[in-house]
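Taking our numbering, the leading residue of the sequence shown gets 63, the next gets one more, and so forth.
Read the structure below first, then the notes.
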Amino acid sequence: MLTCATCGKQNQDNYKFCLGCGARLGTPGASKPDAIGSPSLAAPSAVPPGEAAAVPQAVPRVGTPISPAVLPSPAVGGGPCPACGQQNPPGFRYCGACGASLTEASVAAPAALEEDDTADDAGRRGLHERPTAPAIANTAATRARLVLLREDGSEGGQLGLEGGPEVLGRDYGPPFDNDAYLDPRHAALTVAHEGVRVDDFDSLNGVFVKLEGRVELRDGDQFRVGQELILYQDLPEPALSADGSEQMGSPNPGYWGRISVIISPGQTCAAYPIKERGLVIGREAGDARFPEDGYVSGRHCAVVGDDSGVYLEDLGSSNGTYVRVRTGDTVPFGSLVLFGQQLFRVERG
């Protein structure tokens, strides 16, 4: 990545002019490379004991940050350069190849945007061959935004949401198009007064929200601890079959339920019963230990049960515990949410 010496904006290595201010850029060797990469999920680097991380390190590094969305009015700029024909992302004011102004060309051609407004769903995505990220409409609807977070906790851009539902997935443009952990149509977000409603399209990897306090677990719920994906299941009393036969098995001494480690879709390995005193998950201590996972704290989280239900609570871990969002649930403003490999903070617009 090239950093503009005039305005500080990050630009691709092959750009000659800054997309933010139009200033000429230096050579790739003169710019410090971006610290964000895309490491494999299978090769984490351990978190030093006792060191708190600003953002959960279990989250793989995000891709190229998106440009902040402009909420008050539709974005101008971007598209093909009137001077050289180079395609530029929406919202950029100058061509990355020749430095020509894109704003004047965008303002001078409103007819193309008006045609999009009267087209069908595919046409509303603009003049691109594939769908783009959710569009920002200039209406008085309730607004929200997703703030992309880098691994070091700094902000990498914003994605505006207005009203909804807005569909996210690999088919909907940056920053989701290159994320293999997202489905083509992954989920839809709808802005509500207290947060953002998430409707999961039965995606493979789901949407996860960072746990704050404790949450009640239901049969089939999933949660992430470091790089481990955990499944919770109830252990109901055995019932007679339709013909009155009893199923053989070990008697239940009073377990509240069990957790299992998911190793592939529909397949689990190690299972741990939840006893009356509860169950602790950690790297160095607890009933379920993951000593090889550097993203798991010594005592990471606990699953406890009582007469009112079974609950999951974080024990002050460095990287946090993430719970899969049930479709139709609302994520409160201020929450940290995982979409595939990328971490966002949900904020009011």
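Beta carbons are placed, not taken as given, at the ideal position from N, Cα and C, and that holds for glycine.
These numbers come from a predicted model, not from an experiment.
Item                                                                                                                                                                                        : Value
Ends of the beta strand (DSSP E) at Q329?                                                                                                                                                   : 329 to 336
Buried or exposed: S326, going by 16 or more other Cβ atoms within 10 Å of its Cβ?                                                                                                          : exposed
Taking the alpha-carbon of G226 as reference, which of Y294, G257, N314 has the nearest alpha-carbon?                                                                                       : G257
Give a yes or no on whether the C-beta atoms belonging to A347 and Y334 are separated by under 9 Å.                                                                                         : no
Around the C-beta of S216, are 16 or more other C-beta atoms found within 10 angstroms, so that it is buried, or is it exposed?                                                             : exposed
Which residues bound the beta strand (DSSP E) around A206?                                                                                                                                  : 205 to 211
Closest to T330 by C-alpha separation, out of G344, R361, I292, D281, would be which residue?                                                                                               : I292
Thinking C-alpha only, which one of P353, V365, G316 is nearest S322?                                                                                                                       : V365
Taking the CB atoms as reference points, tell me whether H362 and G340 lie closer together than 9 Å.                                                                                        : no
Mapping the DSSP letters down to three states, classify D233 as helix, strand or coil.                                                                                                      : helix
With distances taken Cα to Cα, identify the nearest neighbour of P237 among S370, F352, L211, R286.                                                                                         : L211
Quick one: residues in its chain with C-beta nearer than 8 Å to the C-beta of E308, no 5 flanking neighbours on either side, listed in chain order?                                         : P300, L302
On the criterion of 16 or more Cβ atoms from any shown chain inside 10 Å, does L374 qualify as buried, or is it exposed?                                                                    : buried
For the region 274 to 285 against the region 383 to 396, do three or more pairs of beta-carbon atoms, one drawn from each stretch, fall closer than 8 Å, so that the two count as touching? : yes
In the region 346 to 401, which residue ranges form an unbroken beta strand (DSSP E) of at least 3 residues, counting only runs that do not cross its ends?                                 : 363 to 368, 371 to 376, 383 to 386, 392 to 394, 398 to 401
What is the DSSP secondary structure of D75, reduced to helix, strand or coil?                                                                                                              : coil
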